[in-house]
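The structure under discussion appears below in the form of structure tokens.
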Amino acid sequence: MGQLIVFLTLLALGYGFGRLAESRHYRSIIAREDALRSLLVLPDRMPPIQFQSHTSTLVTGSVVISVDYFKTVAAGLRGIFGGRVGAYESLLDRARREAILRMQEEAQSLGAEAVFNLKFETSRIGQNAGQGLGSVEVLAYGTALIPTPVSASAASAVAR
Amino acid sequence: MSVPPLHNHEPNHEPRQSAPLPKGNPKLPEQINNRNEHPLKDFLLLAGALLALMFILTLLLGWSAQWLGPKIPYSWESRWFSSAPEAVSGALQPSTQDTHAADTARQQALQQLLDNLLSQQSAPLKVRLHWLAHEDPPNAFATLGGHIFVTRGLLTQVTSENALAMVLAHEYAHVEQRHPITLALEQLALSLLGSVIGSEGAASMIGQHTSLLTLLSFSRDMERSADQRALEILQSHYGHSAGADEFFRNMLNQHDESRWALMFQTHPLTSERLQQISQAGSATVPVTTSQLTPLPALLQLNDGADSKEAQIPQP
Chain Y
1 MGQLIVFLTL LALGYGFGRL AESRHYRSII AREDALRSLL VLPDRMPPIQ
51 FQSHTSTLVT GSVVISVDYF KTVAAGLRGI FGGRVGAYES LLDRARREAI
101 LRMQEEAQSL GAEAVFNLKF ETSRIGQNAG QGLGSVEVLA YGTALIPTPV
151 SASAASAVAR
Chain B
161 MSVPPLHNHE PNHEPRQSAP LPKGNPKLPE QINNRNEHPL KDFLLLAGAL
211 LALMFILTLL LGWSAQWLGP KIPYSWESRW FSSAPEAVSG ALQPSTQDTH
261 AADTARQQAL QQLLDNLLSQ QSAPLKVRLH WLAHEDPPNA FATLGGHIFV
311 TRGLLTQVTS ENALAMVLAH EYAHVEQRHP ITLALEQLAL SLLGSVIGSE
361 GAASMIGQHT SLLTLLSFSR DMERSADQRA LEILQSHYGH SAGADEFFRN
411 MLNQHDESRW ALMFQTHPLT SERLQQISQA GSATVPVTTS QLTPLPALLQ
461 LNDGADSKEA QIPQP
């Protein structure tokens, strides 16, 4: 009986706070994506000719998001019946987009014009003593292309 | 210029010449990786399906246990569980030699009373009574192998032999109707079911609680049928069922009970049992308290003022 109450309380807390955090996070992600839309992020391995003489540096963005209890339970139920685990889909979607945003923010602070060769890494963190409640880390990294005064003159020379 | 190789897997270190750069990052539709569906809808659907599944499976397993339990010969059961469970028999150990003799005598008196009760029955099962001299909560229970345990607290709650006989007959009825082995089979089947559902923590939680509540109603049915059988035994031994309600009435006076609690209890509400007992009594000849048989001296622990002051702990 007590166990059931604890379970339902955790479920309600997980649902309430999890939903609140998720909707807030999505609002923030969408706003920041709009703001950073002009800072190009491309999967191409090699930069095009316009960036031939830019200096390049590694930029990374990583984020760790915890699973809430409700998501764990929902995913556990999915584990019995099978199918798309919607609860985790939105979690990873948030994590990937947040990681790109952080990478873009780093690139922007370095004065980069674009980030090439975008890659992702995803890993699971912790199992909270086997309780099945863990968190996910997503790391986005790429090559930031930063214009330099020298390269600017070289580029104009090429254009001539 | 030479002909370029057809399969050039070497990375092209020449800067790319083609395709002008996009103006900005694309705005992707929101609902590709994050479907716009309320998470509760999905959750409730799945939880409901699991609840229904567990309920049906538990019912099926419960029914199979109830079918199989009585089919296992009683001789097998008593052979498998010939010695009393260790955990309980530990409480039997008396502290001194003095009390040991008294406890043995009490145990024999209880066994004698039960044997007398059953002497009218055709082919009574062989059961063994155990006296728990150091257990204060008023209780009696039957376990696998025909072992019946009676606590010291129970004797403080009864004033007549009829009341004690009702409890003993009730426990005997459990053994006779093979309830302990049926419950053991149910639990075995459930633990199998639990391992199928997996250790998925939360999901097995839902499953377990469904099964538990389903099984509790099973065991309440058992209590009711054991009460019914116990009344029959009393009827055939004493010729009436007076005094059968004494123990339950005492328990009801000490503990309030709510109907809501019924859902989580292994036993039916005491008030409901009292009602059943009084219905059975009214069907036969009217009885008066003078017809009650006094307790044997050895079993009298409820002596007057002492018992009224005694506080009985919650069972």
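Chains as they are written, first to last, in this note's numbering: chain Y, 1 to 160; chain B, 161 to 475.
For glycine and all other residues, C-beta sits at the position ideal for the given N, C-alpha and C.
The way I'd put it, the segment 228–243 of chain B doesn't touch the segment 273–282 of chain B; fewer than three beta-carbon pairs between them come closer than 8 Å. Counting along the chain, residue 309 of chain B sits inside the beta strand (DSSP E) bounded by residues 307–311. Using beta-carbon distances, residue 5 of chain Y does not count as an interface residue toward chain B, since no partner is under 8 Å.
Proximity of residue 197 of chain B to chain Y, defined by a Cβ-Cβ separation below 8 Å, is satisfied. Contacts with chain Y at 8 Å (Cβ-Cβ) include residue 182 of chain B. Counting only Cβ-Cβ distances below 8 Å, residue 50 of chain Y has contacts in chain B at 181, in chain order. Contact check for residue 88 of chain Y against residue 10 of chain Y fails: the beta carbons are separated by 8 Å or more. For secondary structure counted as the alpha helix (DSSP H) over 4 or more consecutive residues, the segment 62–120 of chain Y holds these complete runs in sequence order: 69–81, 86–109. Taken through DSSP and simplified to helix, strand or coil, residue 243 of chain B comes out as coil. Taking the C-beta atoms as reference points, residue 136 of chain Y is found nearer than 8 Å to residue 124 of chain Y. Using a Cβ-Cβ cut-off of 8 Å, residue 215 of chain B does not count as an interface residue toward chain Y, since no Cβ of chain Y sits closer than that to its own. Using a C-beta cut-off of 8 Å, the segment 308–324 of chain B makes no contact with the segment 377–386 of chain B, since fewer than three inter-stretch Cβ pairs fall below that distance. DSSP places residue 123 of chain Y in the strand class (E or B) of the three-state scheme. A straight line joining the alpha-carbon of residue 116 of chain Y with that of residue 213 of chain B spans about 51 Å. If you draw a straight line from the Cα of residue 47 of chain Y to the Cα of residue 194 of chain B, it is about 31 Å long. The C-beta separation of residue 86 of chain Y from residue 199 of chain B comes to about 7 Å, placing the pair in contact by the 8 Å criterion. In terms of beta-carbon proximity, residue 210 of chain B lines the interface with chain Y, with at least one pair separated by less than 8 Å. Taking 8 Å as the cut-off, the Cβ atoms of residue 108 of chain Y and residue 40 of chain Y do not count as close. About 27 Å separates the beta carbon of residue 415 of chain B from that of residue 277 of chain B, a gap too long to meet the 8 Å contact definition. Residue pairing of residue 301 of chain B in beta bridges, as defined by DSSP: B:309. Residues of chain Y whose Cβ lies closer than 9 Å to the Cβ of residue 350 of chain B do not exist, since the nearest Cβ in that chain is about 16 Å away.
As the crow flies, the alpha-carbon of residue 73 of chain Y is around 37 Å from that of residue 303 of chain B. Cβ-Cβ separation between residue 110 of chain Y and residue 42 of chain Y: approximately 17 Å, too far for a contact (criterion under 8 Å).
Residue environment: residue 235 of chain B is assigned as exposed (fewer than 16 neighbouring CB atoms within 10 Å of its CB, all protein chains considered). A straight-line Cα-Cα distance of about 22 Å links residue 400 of chain B and residue 337 of chain B. Between residue 102 of chain Y and residue 62 of chain Y a beta carbon distance of about 7 Å is seen, short of the 8 Å cut, so the two are scored as contacting.
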